[in-house]
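Chains as they are written, first to last, in our numbering: chain U, 479 to 616; chain G, 479 to 616; chain V, 479 to 616; chain W, 479 to 616.
Protein chains: 4
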Amino acid sequence: MKQHIYESRVRYAETDAMGFVHNSKYLVYFEEARTDLVRAAGYPYSKVEAEGIIFPVSEAKLEYKKPIGYDVRFRIVTTIAYMRHVSVKFNYTMLTDDDTVVCTGSTVHAALDRNTLDFADVPDRLREVLQPYVEPRR
Amino acid sequence: MKQHIYESRVRYAETDAMGFVHNSKYLVYFEEARTDLVRAAGYPYSKVEAEGIIFPVSEAKLEYKKPIGYDVRFRIVTTIAYMRHVSVKFNYTMLTDDDTVVCTGSTVHAALDRNTLDFADVPDRLREVLQPYVEPRR
Amino acid sequence: MKQHIYESRVRYAETDAMGFVHNSKYLVYFEEARTDLVRAAGYPYSKVEAEGIIFPVSEAKLEYKKPIGYDVRFRIVTTIAYMRHVSVKFNYTMLTDDDTVVCTGSTVHAALDRNTLDFADVPDRLREVLQPYVEPRR
Amino acid sequence: MKQHIYESRVRYAETDAMGFVHNSKYLVYFEEARTDLVRAAGYPYSKVEAEGIIFPVSEAKLEYKKPIGYDVRFRIVTTIAYMRHVSVKFNYTMLTDDDTVVCTGSTVHAALDRNTLDFADVPDRLREVLQPYVEPRR
Numbered sequence: 479m480k481q482h483i484y485e486s487r488v489r490y491a492e493t494d495a496m497g498f499v500h501n502s503k504y505l506v507y508f509e510e511a512r513t514d515l516v517r518a519a520g521y522p523y524s525k526v527e528a529e530g531i532i533f534p535v536s537e538a539k540l541e542y543k544k545p546i547g548y549d550v551r552f553r554i555v556t557t558i559a560y561m562r563h564v565s566v567k568f569n570y571t572m573l574t575d576d577d578t579v580v581c582t583g584s585t586v587h588a589a590l591d592r593n594t595l596d597f598a599d600v601p602d603r604l605r606e607v608l609q610p611y612v613e614p615r616r
Numbered sequence: 479m480k481q482h483i484y485e486s487r488v489r490y491a492e493t494d495a496m497g498f499v500h501n502s503k504y505l506v507y508f509e510e511a512r513t514d515l516v517r518a519a520g521y522p523y524s525k526v527e528a529e530g531i532i533f534p535v536s537e538a539k540l541e542y543k544k545p546i547g548y549d550v551r552f553r554i555v556t557t558i559a560y561m562r563h564v565s566v567k568f569n570y571t572m573l574t575d576d577d578t579v580v581c582t583g584s585t586v587h588a589a590l591d592r593n594t595l596d597f598a599d600v601p602d603r604l605r606e607v608l609q610p611y612v613e614p615r616r
Numbered sequence: 479m480k481q482h483i484y485e486s487r488v489r490y491a492e493t494d495a496m497g498f499v500h501n502s503k504y505l506v507y508f509e510e511a512r513t514d515l516v517r518a519a520g521y522p523y524s525k526v527e528a529e530g531i532i533f534p535v536s537e538a539k540l541e542y543k544k545p546i547g548y549d550v551r552f553r554i555v556t557t558i559a560y561m562r563h564v565s566v567k568f569n570y571t572m573l574t575d576d577d578t579v580v581c582t583g584s585t586v587h588a589a590l591d592r593n594t595l596d597f598a599d600v601p602d603r604l605r606e607v608l609q610p611y612v613e614p615r616r
Numbered sequence: 479m480k481q482h483i484y485e486s487r488v489r490y491a492e493t494d495a496m497g498f499v500h501n502s503k504y505l506v507y508f509e510e511a512r513t514d515l516v517r518a519a520g521y522p523y524s525k526v527e528a529e530g531i532i533f534p535v536s537e538a539k540l541e542y543k544k545p546i547g548y549d550v551r552f553r554i555v556t557t558i559a560y561m562r563h564v565s566v567k568f569n570y571t572m573l574t575d576d577d578t579v580v581c582t583g584s585t586v587h588a589a590l591d592r593n594t595l596d597f598a599d600v601p602d603r604l605r606e607v608l609q610p611y612v613e614p615r616r
């Protein structure tokens, strides 16, 4: 199984008055990690949307382990928990350079027709490029 | 048990290119609902922080039921799932004016000493004002 | 000339690690003030867009006078500096409850056809409802 | 005179329902460009803050030239218009890969003592590293 690594650092605008990253911003980081995975896999999300399919989040879970502040470098390890006909679940682990786990989480996405908002099949081409990231069944 | 109702409407800046509210913004709405509850209960979060306690989110779960777009009015019904020595769990149900459920979710918060970031007891005064919102055990 | 008053308070997610509202959020506040004006005037921006016209910002200026933190209540006084065939300029003054000026600014908007992104005339109906807010020429 | 180049691409969360980057996000991009400059120059902003000086924005101007959407790559060319005892002005030009100007702007920053919020001198060490980016007087 492949794992995707996305690297970035905390922007000032992502911190709040506690001095750390605001809890909502991790969903933005996970989105960046996820879209970086599909881009790296050769099928950017912009192309998916251009073909009339959107992948809104239907469920999200986050466990915040350790606060981090401005300018801290981090990486997110992304894998795919499962891939079904109309849905995909991603798992994320976010770590700092010294391997401290900052946050873990998951998002479930449903494939929808952009115009009708009806469920749609995950496009074959996307399914192919995502397959290597799917975790083995336990 | 009391329920707290927070009312607002979708800002343009909260939408994304799909035309609906971005998935990360619901955590901001839940935060508004939660802080509106403690403000209404007579103990604003700004005062909690001034007394040296912060309440960062340690866990969050969201189920996105229905996309909503710019300018849509909504309300969030907030209750408290439990209140322990150092943690509190809030439940949220977000609905539009026609009672459609848009999103449900929960957040768990740990009380921390602002300076040391060690666990702290939930302040008694806060505990008192939150008590009426605690759901009965099932 | 009419002035429009928009009232709100600072959300936690709008603060940054300095402890005050992040500089980019004032543009979100101005947007709220502006769309609240057109809503109050009887022609909500959602309707403008539904009729195929968008009003992106073409210029913005901000003068930050005084930092404000979480939960501070404020109001924004909005007027219209000018209204031309294809553009409108709004002026904003943001104040706290004790009449301290927090931030002043302006935004210029061009009317564009949503599909072609070509310049379009400001719709007559919008022009009518905005007229009372236009500042007299000096 | 040196110019600083910051490169990034548009995140999904930065777009709005018009399909393009929201007008407030350019101030976040400019902030990233500016802090990337001081980091590259050897004096990261996190260190400036740790030494008790903050640099809030006191003025900002933006001219939006061309809308850009999700995933578009861009670069921001940053220079310094002037550097005074207690203030610094940055100029920004944001371009896409085909050299189209997307947005231009400037921000003025005042050096403040973090605790008292009184004006402070721009620290000598920061002054030194910024000097090469100051535009020649015309």
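Cβ atoms here follow ideal geometry from the backbone N, Cα and C, with glycine treated the same way.
Option nearest Arg605 (chain W) by Cα separation, candidates W:Ser565, W:Thr585, W:Thr582 and W:Glu510: Minimum Cα-Cα distance from Arg605 (chain W) among the listed residues W:Ser565, W:Thr585, W:Thr582 and W:Glu510 corresponds to W:Ser565.
Rounded to a whole number of angstroms, what is the C-alpha to C-alpha distance between Met479 (chain G) and Pro610 (chain U)? Distance between the alpha carbons of Met479 (chain G) and Pro610 (chain U): 49 Å.
Any chance the region 543-550 of chain U sits against the region 585-600 of chain U, with 3 or more Cβ pairs inside 8 Å? Judged by Cβ distances under 8 Å, the region 543-550 of chain U makes no contact with the region 585-600 of chain U, as fewer than three pairs qualify.
Contact with chain W by Thr574 (chain G), beta-carbon distance below 8 Å: It does not: the Cβ of Thr574 (chain G) has no partner Cβ on chain W nearer than 8 Å.
Around the Cβ of Thr578 (chain W), are there at least 16 other Cβ atoms within 10 angstroms (buried) or fewer (exposed)? That one is exposed.
9 Å Cβ cut-off: residues of chain G touching Gly547 (chain W): Neighbours of Gly547 (chain W) across chain G, judged by C-beta separation under 9 Å: Ala495.
In chain G, which residues lie less than 8 Å from Lys503 (chain U) when you measure between Cβ atoms? Per Cβ cutoff of 8 Å: Ser502.
Can you look up Tyr560 (chain U) in the DSSP assignment and give me helix, strand or coil? If DSSP states are grouped into helix, strand and coil, Tyr560 (chain U) belongs with the strands.
Using a Cβ-Cβ cut-off of 8 Å, state whether Tyr521 (chain W) counts as contacting chain U. Taking Cβ atoms only, chain U never reaches closer than 8 Å to Tyr521 (chain W), which makes this a no.
At a CB distance below 8 Å, what residues from the region 528-552 of chain W approach chain V? Give them in sequence order. If you check each beta-carbon in the region 528-552 of chain W against every beta-carbon of chain V, the ones closer than 8 Å belong to Ile532, Pro534, Val535, Ser536, Glu537, Ala538, Lys539, Leu540, Glu541, Tyr542 and Pro545.
Relative to the C-alpha of Arg615 (chain U), which residue among U:Cys581, U:Tyr560, U:Ser584 and U:Val607 is closest? Arg615 (chain U) has its Cα closest to that of U:Tyr560, out of U:Cys581, U:Tyr560, U:Ser584 and U:Val607.
Quick one, are the C-beta atoms of Arg489 (chain U) and Glu510 (chain W) less than 8 Å apart? For Arg489 (chain U) and Glu510 (chain W), yes; Cβs fall inside 8 Å.
With a threshold of 16 other CB atoms inside 10 Å of the CB of Phe568 (chain V), please say whether the residue is buried or exposed. Phe568 (chain V) should be labelled buried.
Using 8 Å as the limit for Cβ to Cβ distance, is Pro507 (chain W) near chain G? A quick correction: the sequence has Tyr, not Pro, at residue 507 (chain W). No, Tyr507 (chain W) lies away from the interface with chain G (no Cβ there is under 8 Å from its Cβ).
In chain order, what residues of the same chain lie with their CB nearer than 7 Å to the CB of Asp575 (chain V), ignoring the 5 residues before and after it? Here the set comprises Arg551.
Okay, do the region 592-601 of chain U and the region 511-518 of chain U touch, 3+ Cβ pairs below 8 Å being the bar? Touching, no, given that fewer than three Cβ pairs across the two stretches are closer than 8 Å.
Among U:Ser584, U:Ala598 and U:Val612, which one has its Cα closest to the Cα of Ile532 (chain U)? Comparing Cα positions, the closest option is U:Ala598.
Closer than 8 Å, CB to CB, is Ala518 (chain W) near chain U or not? Answer no: the Cβ-Cβ gap between Ala518 (chain W) and chain U never drops below 8 Å.
Answer with yes or no whether the minimum CB distance from Arg489 (chain W) to chain U is below 8 Å. Under the Cβ criterion of 8 Å, Arg489 (chain W) is counted among the residues facing chain U.
Using the rule of at least 16 other Cβ atoms within 10 Å of the residue's Cβ for burial, across every protein chain shown, is Ile623 (chain W) buried or exposed? The structure shown has nothing for residue 623 (chain W), since chain W only spans 479 to 616.
Which class does Lys539 (chain W) belong to by DSSP, given the choice of helix, strand or coil? Strand, per DSSP.
Beta-ladder partner(s) of His482 (chain W), from DSSP: Partner(s): W:Thr556.
With distances taken from CA atoms, which of W:Leu608, W:Lys539 and W:Arg603 is nearest Ser502 (chain W)? Ser502 (chain W) has its Cα closest to that of W:Lys539, out of W:Leu608, W:Lys539 and W:Arg603.
Kindly identify the DSSP beta-bridge partner or partners of Asn569 (chain W). According to DSSP, Asn569 (chain W) bridges with W:Thr557 and W:Ser584.
Excluding five sequence neighbours on each side, which residues of the same chain lie with their C-beta closer than 6 Å to the C-beta of Glu492 (chain U)? For Glu492 (chain U), where only same-chain residues beyond five positions count, the Cβ hits under 6 Å are Val499 and Lys503.
Taking only the alpha-carbon atoms, compute the straight-line gap between Glu541 (chain U) and Ser486 (chain G) and give it to the nearest angstrom. Approximately 27 Å between the Cα atoms of the pair.
For a contact defined as C-beta to C-beta under 7 Å, what are the partners of Ser524 (chain G) on chain V? Chain order gives the chain V residues near Ser524 (chain G) as Tyr548 and Asp549, where near means a beta carbon separation below 7 Å.
Supposed contact pair Val607 (chain U) and Gly520 (chain U) - C-beta distance, whole angstroms, cut 8 Å: Your pair Gly520 (chain U) and Val607 (chain U) checks out as a contact, with CB atoms roughly 5 Å apart and the cut at 8 Å.
Looking only at its chain, what residues have a beta carbon closer than 8 Å to the beta carbon of Met496 (chain G), apart from the 5 residues adjacent to it on each side? Only Pro545 meet the Cβ criterion.
DSSP state of Arg512 (chain W), grouped into three classes? The DSSP-derived three-state label of Arg512 (chain W) is helix.
Would you say Glu606 (chain G) lies against chain V (beta-carbon separation less than 8 Å)? No, Glu606 (chain G) does not count as interfacial toward chain V.
His482 (chain U) to Ala528 (chain W) span [Cα, whole Å]: Approximately 34 Å between the Cα atoms of the pair.
Given that a residue counts as buried once 16 or more other Cβ atoms are within 10 Å of its Cβ, and exposed if not, what is Asp602 (chain V)? In the assembly as shown, Asp602 (chain V) is an exposed residue. Its beta-carbon has fewer than 16 other beta-carbons within 10 Å.
Taking 8 Å as the threshold (beta carbon to beta carbon), is Thr578 (chain W) in contact with chain U? Cβ-Cβ to chain U under 8 Å: no for Thr578 (chain W).
Three-state secondary structure (DSSP) of Val621 (chain W): Because chain W spans 479 through 616 in this model, residue 621 (chain W) falls outside it and cannot be assessed.
Rounded separation between Tyr570 (chain V) and Gly583 (chain W) - CA only: The straight-line gap separating the alpha-carbon atoms of Tyr570 (chain V) and Gly583 (chain W) is approximately 19 Å.
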